[in-house]
Structures are given as C-alpha cells and as structure tokens.
Amino acid sequence: MDAPAAESLDATVRRSYGTLLGYLASRAGGDLAGAEDALSEALLAAVQQWPVQGIPDKPEAWLLAVARRRLTDDQRRHAVRERFSEAIQHALESAEQLAVNSDEFPDERLKLLFVCAHPAIDEAIRTPLMLQTVLGLDAQDIASAFLVAPAAMAQRLVRAKAKIKAAAIPFEVPERRDWEERFSFVLDAIYAAFTCGWQSSSDDPTGRDMAREAIRLGDVAATLVPDEPEALGLLALMLHCHARRSARVDGAGRYVPLDLQTTALWDQAMVDRAETLLRTAAGMGRPGRFQIEAAIQSAHAQRRVTGRVEWPVVAALYHWLITFTPALGAHIGHAIATAHATVPARGWELLETLPKERLANHQPYWAARAHLLAQLGRTREANQAFERAMGLCDDPTVRAYLLSQMT
Amino acid sequence: MEYMLLFTEPATELAKRNDPAEAPAYWGAWSAYCNALAESGIMVSGAGLQPPDTATTVRIRDGKRTLHDGPYAEAKEMLGGFFVINVPDLDAALEWAARSPSSSYGSTEVRPVLPPPAPPTP
Numbered sequence: 001m002d003a004p005a006a007e008s009l010d011a012t013v014r015r016s017y018g019t020l021l022g023y024l025a026s027r028a029g030g031d032l033a034g035a036e037d038a039l040s041e042a043l044l045a046a047v048q049q050w051p052v053q054g055i056p057d058k059p060e061a062w063l064l065a066v067a068r069r070r071l072t073d074d075q076r077r078h079a080v081r082e083r084f085s086e087a088i089q090h091a092l093e094s095a096e097q098l099a100v101n102s103d104e105f106p107d108e109r110l111k112l113l114f115v116c117a118h119p120a121i122d123e124a125i126r127t128p129l130m131l132q133t134v135l136g137l138d139a140q141d142i143a144s145a146f147l148v149a150p151a152a153m154a155q156r157l158v159r160a161k162a163k164i165k166a167a168a169i170p171f172e173v174p175e176r177r178d179w180e181e182r183f184s185f186v187l188d189a190i191y192a193a194f195t196c197g198w199q200s201s202s203d204d205p206t207g208r209d210m211a212r213e214a215i216r217l218g219d220v221a222a223t224l225v226p227d228e229p230e231a232l233g234l235l236a237l238m239l240h241c242h243a244r245r246s247a248r249v250d251g252a253g254r255y256v257p258l259d260l261q262t263t264a265l266w267d268q269a270m271v272d273r274a275e276t277l278l279r280t281a282a283g284m285g286r287p288g289r290f291q292i293e294a295a296i297q298s299a300h301a302q303r304r305v306t307g308r309v310e311w312p313v314v315a316a317l318y319h320w321l322i323t324f325t326p327a328l329g330a331h332i333g334h335a336i337a338t339a340h341a342t343v344p345a346r347g348w349e350l351l352e353t354l355p356k357e358r359l360a361n362h363q364p365y366w367a368a369r370a371h372l373l374a375q376l377g378r379t380r381e382a383n384q385a386f387e388r389a390m391g392l393c394d395d396p397t398v399r400a401y402l403l404s405q406m407t
Numbered sequence: 001m002e003y004m005l006l007f008t009e010p011a012t013e014l015a016k017r018n019d020p021a022e023a024p025a026y027w028g029a030w031s032a033y034c035n036a037l038a039e040s041g042i043m044v045s046g047a048g049l050q051p052p053d054t055a056t057t058v059r060i061r062d063g064k065r066t067l068h069d070g071p072y073a074e075a076k077e078m079l080g081g082f083f084v085i086n087v088p089d090l091d092a093a094l095e096w097a098a099r100s101p102s103s104s105y106g107s108t109e110v111r112p113v114l115p116p117p118a119p120p121t122p
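Quick look at the structure:
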C-alpha cells in the first residue's frame with residue numbers, strides 16, 4: 001500500500017471506526033461481533049483496493065457499503081433456519097443510501113458506549129470493550145494496559161459480545177430515569193482507562209498510550225452529550241493531568257511530584273481547554289464527582305499564575321469530593337491537603353481514621369503515610385512506610401523517588 | 001491458586017549488586033518488594049539467587065555424568081530469583097509481577113504451579 005492511501009485509510013479508521021461500528025451494530029440487531037467482522041472485512045478490502053482504484057470521495061460511505069453487503073450475505077446464510085429479517089435488510093439498505101447521499105450519517109457511538117457500560121456486562125470488561133468498539137484498539141494493546149494475559153483478554157471480549165447478542169442488550173440510549181446511573185458507568189469506564197495509562201509514566205512512543213486513548217473516549221462522550229456536566233468535568237480532569245505529562249519526570253529521568261513540577265513544562269493549550277470545559281460544566285449548576293476532581297486539578301494549575309498552591313481551597317474541595325465519592329483516594333487527598341493547609345498532625349489524624357485492612361496493598365496510602373510521618377519527624381516509621389510504598393510500586397521512577405526520600 | 005514469579009535480570013543489573021554506587025538502590029528496591037509481598041500475606045516461598053557464574057549444571061548422557069561450569073543456558077538475561085505466591089487468579093499474580101523491580105529493566109515470568117501429585121492409594 002502506498003503512503004497516501006495508507007495514511008488516508010489510517011485516518012479514516014481513527015476518525016470513524018466507532019461511528020461506523022455503532023451504525024452497523026445498531027442496525028444489525030445488536031450483533032456487535034458480526035458488525036465488527038463485517039467492518040474489518042471492509043477495511044481489508046480498502047487496503048487492497050484503494051491503492052489501485054484511488055481513495056473514494058467518501059471513504060466512510062465506501063466502507064459502510066462493503067460492510068453492509070458482507071453483513072447482509074451473512075444474515076441470508078443464517079436465514080435457512082430463521083427467516084431473514086426483512087426489517088434488518090431494509091434498515092441496512094436505507095442506511096447505505098443515507099451514507100452515500102449525505103455527508104453525515106447519525107452518530108451511534110453513544111449507543112455503543114451505553115451497550116459497553118450496560119449493568120449486565122461484567123464491570124471489569126466494560127472499559128476494554130469500549131476501547132475496542134469505539135476506538136478500534138486491539139485486544140493485545142488492551143491486555144497490556146490492564147495487566148491481563150492477552151489470550152484471556154481476547155476471550156473476555158468475545159464472551160461479552162456474545163452476551164450482548166444472546167441477552168439482547170438493547171442498542172439504545174436509556175430513558176431519562178435510567179440515564180444518570182447508566183451514564184455514570186460510561187464515565188467510570190473511561191476514567192478507568194485513563195488511570196490505567198496514567199500509572200505508567202514510561203513514555204514508549206511506539207506503544208499505545210492508554211491515557212491518550214481515554215481522552216479520545218472522553219472527547220467522544222463530551223461531544224455526544226455536551227449538556228452533561230460530568231462528561232465535561234471528566235474530560236477537563238483528564239486534560240489537566242495529561243497536560244503535566246512532560247513535567248512529571250526531570251531531565252535525569254527522576255520523578256517530580258506535582259507541587260514541585262516546573263509549571264512552564266505544562267501543556268498550556270491543554271490546561272486552557274480543561275479550564276474552559278470546567279467553566280462550562282460549572283455553569284450548568286449540577287456538580288458531581290468528576291467536576292470536583294477537575295476543580296482540584298484546576299486549583300493546582302493556578303500555581304502557574306500565582307506561584308503557590310491554595311491548600312485550604314484544595315482541602316475544602318477534597319472534603320466536598322468525599323460527599324460524592326468516599327473512595328480511599330479522596331480521603332488520602334483530603335488528609336494530605338489538610339496537612340499542608342494546617343499542620344501535619346491534623347492530616348495524620350485524618351489518615352489514621354481510614355480502614356487499615358483495605359489499605360494493606362494500597363501504594364498511594366503508604367506514600368502519603370510516609371510523607372506525613374516524615375513531616376512529623378517520626379523518621380524510623382516514615383522510612384518503614386517509604387519502603388512499603390516502594391515495594392507496592394510498579395513505576396521505576398516513582399520507586400527511585402521514594403528511595404531518595406528515605407533518611 | 002499458586003503462581004511462581006521468575007525474575008529475569010540482564011547482566012548489567014546483576015552487576016549492580018556489588019557496585020558500591022549502585023547497590024543501595026538495587027537492594028533497596030528488591031527488599032521493599034520482598035517485604036511488601038511478605039506483609040501482604042500471599043507469599044508461599046522463594047528466594048533470590050546467587051549470580052549465574054556461581055552455577056554448575058549437571059547432565060547425564062549415555063550413563064556418563066558431565067558437569068558444566070555455569071548456567072544451563074547462556075543468555076543476556078538471567079534468572080535472579082523466584083517467589084511462589086498464593087493469590088486468587090492470574091490477574092492478581094500479574095499485578096504483583098508488575099511491581100517487581102525486574103519488570104522495569106528485565107522481565108518477570110508468571111507461571112501457575114502444578115498441584116502436588118495425589119498421594120498413592122493404599
């Protein structure tokens with residue numbers, strides 16, 4: 001394949017994979033796996049034909065037409081047992097007409113997001129399923145990011161798609177009364193992908209960057225539902241964190257904690273976009289977990305302008321966050337911010353109230369504990385906690401940083 | 001379910017064990033990891049190993065016993081140690097493998113342990 005055709009195909013796939021798949025799947029009676037097969041066959045046909053015949057004027061419509069034919073053939077074959085559904089046939093044909101004759105066809109990615117985050121789908125597979133169906137990532141990349149054996153990941157994805165078909169999980173956007181709960185599953189799944197990518201700071205340029213892919217998913221969600229403040233809040237949160245990517249490690253490859261990062265290294269365009277999104281979300285007057293987390297990051301981002309972190313503000317935001325999500329991370333953030341805003345002993349008290357049994361293997365807890373103990377001058381205990389945090393750490397730069405903090 | 005974690009390290013890392021400048025970081029990372037494993041309560045057994053140049057390999061071929069000075073295979077990465085852990089599933093084992101220092105510069109292999117053979121029936 002020559003370079004322009006390869007580039008064009010690649011761009012089309014990146015831009016439209018989820019749109020095409022959502023479109024096909026929702027018109028093929030929820031047969032997600034069948035729609036995927038049909039689409040990958042269309043992509044293969046493009047790889048073979050575009051270099052010879054030239055790139056079509058409407059690449060998406062071309063792909064859709066090929067995939068539609070494949071899907072129709074498939075369904076005709078199955079019609080021996082089961083009368084071929086005329087409704088589906090008709091729907092697919094009118095879909096193709098629409099695609100060929102107009103520049104835009106309805107974006108069904110929101111339905112895809114909801115299907116993938118359906119309560120009937122195992123929680124652990126929701127995010128991988130979104131990454132595969134909406135963004136077109138392959139099972140191997142997803143497996144690495146989620147620390148699952150590749151064969152097992154592929155099997156789980158296949159099983160989830162079989163369930164969508166067998167249990168007839170509807171390809172639709174839920175009713176208003178179910179909306180809030182179901183949409184929060186979508187956002188949680190996107191955030192799970194982001195934290196997966198976030199934890200690994202090693203920048204492998206060839207490897208997939210899961211954090212970046214999660215931002216793409218978040219962008220899809222925020223674009224499709226622009227009046228949902230939490231979707232904007234989540235995107236703002238991810239952009240704020242991602243903007244600091246190159247500041248997290250110094251020239252010598254050492255980890256740099258947030259409040260010591262060189263703010264000039266932050267990606268200002270990304271920070272600005274995050275701030276705009278957060279303002280828009282706040283204007284809607286429906287606060288939520290992701291908006292508050294983004295506001296905390298926004299408070300940290302203010303250091304670029306004012307030169308200092310307003311710790312009382314950060315502590316108050318964490319306190320508010322706990323009322324939305326009593327997660328361990330929120331409590332730990334609250335304790336640390338309180339220590340900065342008042343005295344270390346006050347933060348330590350808050351940390352001591354957390355349930356010990358859930359924290360045994362929680363790396364951020366041991367790191368927070370170590371820092372507070374060090375500030376309290378309890379050196380021996382601090383060193384023990386630093387060591388434990390190191391042992392639970394999977395990032396070599398953070399591990400080296402923790403070692404350097406021991407005295 | 002028991003899994004063996006096998007820590008494979010390149011020669012450059014193994015050499016850090018005895019380098020006065022590098023040894024504290026090398027051993028610090030490993031002892032932190034070992035202690036975290038021990039305190040999590042999933043550790044079954046295991047140990048670090050002396051470097052491969054201390055190995056002797058035994059083979060018997062055609063009834064003849066030969067000894068070979070060194071590990072069974074010369075490789076760029078060498079077995080530095082192993083642990084057997086008891087965790088609910090492979091994903092949990094992979095999580096612990098990712099925390100091993102060797103995963104960052106060498107590799108960590110995770111293998112399910114065969115259950116012990118059934119006792120002979122009387």
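Top line first, the protein sequences correspond to chains S and U. Quick note: the first sequence, position 123, residue 123 per the UniProt record's numbering, numbers continuous. Quick note: the second sequence, position 107, residue 107 per the UniProt record's numbering, numbers continuous. No residue lacks a Cβ here, since even glycine has one placed at the ideal position from N, Cα and C. It should be emphasised that the depicted structure is a prediction, and the values quoted were computed from it without experimental measurement.
- Item | Cutoff 8 Å: S/Thr-206 Cβ touching any chain U Cβ | As a working mapping, residue 206 of chain S is identified with position 206 in the first sequence. Residue placement at S/Thr-206 is poorly supported in this model, since its pLDDT is 41, which falls under 50; the coordinates still yield a value, given next. Chain U contact via Cβ: absent.
- Message: Is U/Arg-99 close to chain S? Criterion is C-beta to C-beta, closer than 8 Å.
- Response: Indexing the second sequence from 1 puts residue 99 of chain U at position 99. Yes, its Cβ sits closer than 8 Å to a Cβ of chain S.
- Please determine if the region 376-394 of chain S and the region 26-34 of chain U are in contact, where contact requires at least 3 C-beta pairs separated by less than 8 Å. Contact annotation: the region 376-394 of chain S touches the region 26-34 of chain U, with at least three C-beta pairs closer than 8 Å.
- Do the region 281-298 of chain S and the region 308-322 of chain S touch if we need at least three Cβ pairs shorter than 8 Å? Yes, the region 281-298 of chain S is in contact with the region 308-322 of chain S.
- Query: According to DSSP, is S/Asp-178 helix, strand or coil?
  - Reply: Counting from 1 along the first sequence, the entry for residue 178 of chain S is found at position 178. If DSSP states are grouped into helix, strand and coil, S/Asp-178 belongs with the helices.
- Residue-level contact to chain S via CB, U/Leu-6, 8 Å cutoff: As a working mapping, residue 6 of chain U is identified with position 6 in the second sequence. Cβ-Cβ to chain S under 8 Å: no for U/Leu-6.
- Query: What residue ranges within the region 305-377 of chain S form continuous alpha helix (DSSP H) runs of no fewer than 4 residues, ordered along the chain?
  - Reply: When DSSP assignments are scanned along the region 305-377 of chain S, the uninterrupted stretches of alpha helix (DSSP H) that are 4 or more residues long and fall wholly within it turn out to be 311-324, 328-341, 344-352, 356-359, 363-375.
- On the three-pair Cβ rule with 8 Å, is the region 179-196 of chain S touching the region 117-124 of chain S? Cβ pair count under 8 Å is three or more, so yes.
- Reference U/Pro-101, options U/Tyr-26, U/Val-110, U/Ala-75, closest by Cα: One-based indexing of the second sequence puts residue 101 of chain U at position 101. Nearest option by C-alpha distance: U/Tyr-26.
- Cutoff 8 Å: U/Glu-39 Cβ touching any chain S Cβ: Residue 39 of chain U sits at position 39 when you count from the first residue of the second sequence. It does; some Cβ of chain S falls within 8 Å.
- Message: Using a Cβ-Cβ distance cut-off of 8 Å, determine whether S/Arg-399 contacts chain U.
- Response: Position 399 of the first sequence, counted from the start, is the residue given in the question as residue 399 of chain S. Yes, S/Arg-399 lies at the interface with chain U (some Cβ there is under 8 Å from its Cβ).
- Query: Who pairs with U/Ile-85 in a beta bridge, going by DSSP?
  - Reply: Start at 1 with the first residue of the second sequence, and residue 85 of chain U comes out as number 85. In the DSSP assignment, the residues bridged to U/Ile-85 are U/Tyr-3, U/Met-43.
- Query: Given a threshold of 16 other Cβ atoms within 10 Å of its Cβ, counted over all protein chains shown, does U/Asn-18 qualify as buried or as exposed?
  - Reply: Your numbering for residue 18 of chain U matches position 18 in the second sequence. The residue is exposed, with fewer than 16 neighbouring Cβ atoms inside 10 Å.
- By how many angstroms is the C-alpha of S/Glu-357 removed from the C-alpha of U/Ala-23? For the purposes of this step, residue 23 of chain U is taken as residue 23 along the second sequence, with counting starting at 1. For the purposes of this step, residue 357 of chain S is taken as residue 357 along the first sequence, with counting starting at 1. Roughly 33 Å between the two C-alpha positions.
- Same chain only: Cβ atoms within 6 Å of S/Arg-81, ignoring 5 sequence neighbours per side: Your numbering for residue 81 of chain S matches position 81 in the first sequence. Note that S/Arg-81 scores a pLDDT of 48, beneath 50, so its modelled location is shaky and nothing firm can be said.
- For chain U, is any of its Cβ atoms less than 8 Å away from the one on residue 412 of chain S? Here chain S comprises residues numbered 1 to 407, so residue 412 of chain S is not present and cannot be evaluated.
- Between S/Phe-386 and the rest of its own chain, which residues show a CB-CB distance below 6 Å, the 5 nearest in sequence each way excluded? Residue mapping note: residue 386 of chain S aligns to position 386 of the first sequence, counting from 1. These residues qualify, in order along the chain: Ala-370, Leu-402, Gln-405, Met-406.
- Message: Using the three-state DSSP reduction, which class does U/Ala-8 fall into: helix, strand or coil?
- Response: Here residue 8 of chain U refers to the residue found at position 8 when the second sequence is read from its first residue. Reading the sequence as shown, one finds Thr at residue 8 of chain U and not Ala. In this structure, U/Thr-8 counts as strand in the three-state DSSP scheme.
- Query: How would you call S/Asp-141, buried or exposed, if buried means at least 16 neighbouring beta carbons within 10 angstroms?
  - Reply: Walking along the first sequence from the start, residue 141 of chain S turns up at place 141. That one is buried.
- Message: Given a cut-off of 8 Å on the beta-carbon distance, is the pair S/Ala-145 and S/Gly-197 in contact?
- Response: On the first sequence, residue 145 of chain S is found 145 positions in, with the first residue counted as 1. On the first sequence, residue 197 of chain S is found 197 positions in, with the first residue counted as 1. Yes. Within cutoff.
- Under 8 Å between C-beta atoms, does U/Ala-23 make it to chain S? In the second sequence, residue 23 of chain U corresponds to position 23, counting from 1. It does not: the Cβ of U/Ala-23 has no partner Cβ on chain S nearer than 8 Å.
- Task: With DSSP collapsed to three states, give me the class of U/Pro-112.
- Result: Indexing the second sequence from 1 puts residue 112 of chain U at position 112. Strand, per DSSP.
- Three-way DSSP call (helix, strand, coil) for S/Asp-259 in this model: In the first sequence, residue 259 of chain S corresponds to position 259, counting from 1. Helix, per DSSP.
- Item | Contact between the region 38-52 of chain U and the region 364-381 of chain S (3+ Cβ pairs under 8 Å) | Touching, no, given that fewer than three Cβ pairs across the two stretches are closer than 8 Å.
- Compare the C-alpha of residue 153 of chain U against each of U/Tyr-3, U/Met-1, U/Phe-7 and name the closest. Outside the modelled stretch of chain U, which goes from 1 to 122, sits residue 153 of chain U, for which no answer is possible.
- Answer yes or no: does any C-beta atom of chain U fall closer than 8 Å to that of S/Gly-391? Here residue 391 of chain S corresponds to residue number 391 of the first sequence, with the count starting at 1. Closer than 8 Å to the CB of S/Gly-391 there is at least one CB belonging to chain U.
- Item | Identity of the residues DSSP links to U/Glu-107 by a beta bridge | In the second sequence, the residue the question calls residue 107 of chain U occupies position 107. A quick correction: the sequence has Ser, not Glu, at residue 107 of chain U. In DSSP, U/Ser-107 forms a bridge with U/Thr-8.
- Query: Shorter than 8 Å from the beta carbon of S/Pro-396 to some beta carbon of chain U?
  - Reply: As a first step, residue 396 of chain S is located in the first sequence; it is residue number 396 there, counting from the start. Proximity of S/Pro-396 to chain U, defined by a Cβ-Cβ separation below 8 Å, is satisfied.
- Message: Considering just the uninterrupted stretch of the alpha helix (DSSP H) at S/Val-47, what are its terminal residues?
- Response: Locating residue 47 of chain S in the first sequence gives position 47, where the first residue counts as 1. Where S/Val-47 is concerned, the enclosing alpha helix (DSSP H) stretches over 32-53.
- Task: Quick one: measure Cβ to Cβ for S/Phe-105 and S/Val-173, integer angstroms, because I've assumed they're closer than 8 Å.
- Result: As a working mapping, residue 105 of chain S is identified with position 105 in the first sequence. As a working mapping, residue 173 of chain S is identified with position 173 in the first sequence. The C-beta distance from S/Phe-105 to S/Val-173 rounds to 17 Å, too long to meet the 8 Å contact threshold.
- Item | For U/Ile-60, the three-state DSSP class (helix, strand or coil) | As a working mapping, residue 60 of chain U is identified with position 60 in the second sequence. The answer is strand: DSSP assigns U/Ile-60 an E or B state.
- Query: Residues of chain S with CB under 9 Å from U/Leu-90, in chain order?
  - Reply: Sequence index remark: in the second sequence, residue 90 of chain U carries index 90 (1-based). Under the 9 Å cutoff, chain S gives Val-148, Ala-149, Ala-152.
- Which class does U/Arg-65 belong to by DSSP, given the choice of helix, strand or coil? On the second sequence, residue 65 of chain U is found 65 positions in, with the first residue counted as 1. U/Arg-65 carries a strand assignment under DSSP once its states are collapsed to helix, strand and coil.
- Message: So S/Leu-403 contacts chain U; which residues on that side make the cut at Cβ distance below 9 Å?
- Response: As a working note, residue 403 of chain S is residue 403 in the first sequence. Within chain U, Pro-24, Ala-25, Gly-28, Ala-29, Ala-32 have C-beta atoms less than 9 Å from the C-beta of S/Leu-403, given in sequence order.
- Task: Classify S/Gln-53 as buried or exposed, calling it buried when 16 or more other Cβ atoms lie within 10 Å of its own Cβ.
- Result: Position 53 of the first sequence, counting from 1, holds the residue named residue 53 of chain S. Burial call: exposed.
- Message: Using a Cβ-Cβ cutoff of less than 6 Å, which residues in the same chain neighbour S/Arg-156 once the five nearest sequence positions on both sides are dropped?
- Response: Your numbering for residue 156 of chain S matches position 156 in the first sequence. Result list for S/Arg-156: Ile-125, in chain order.
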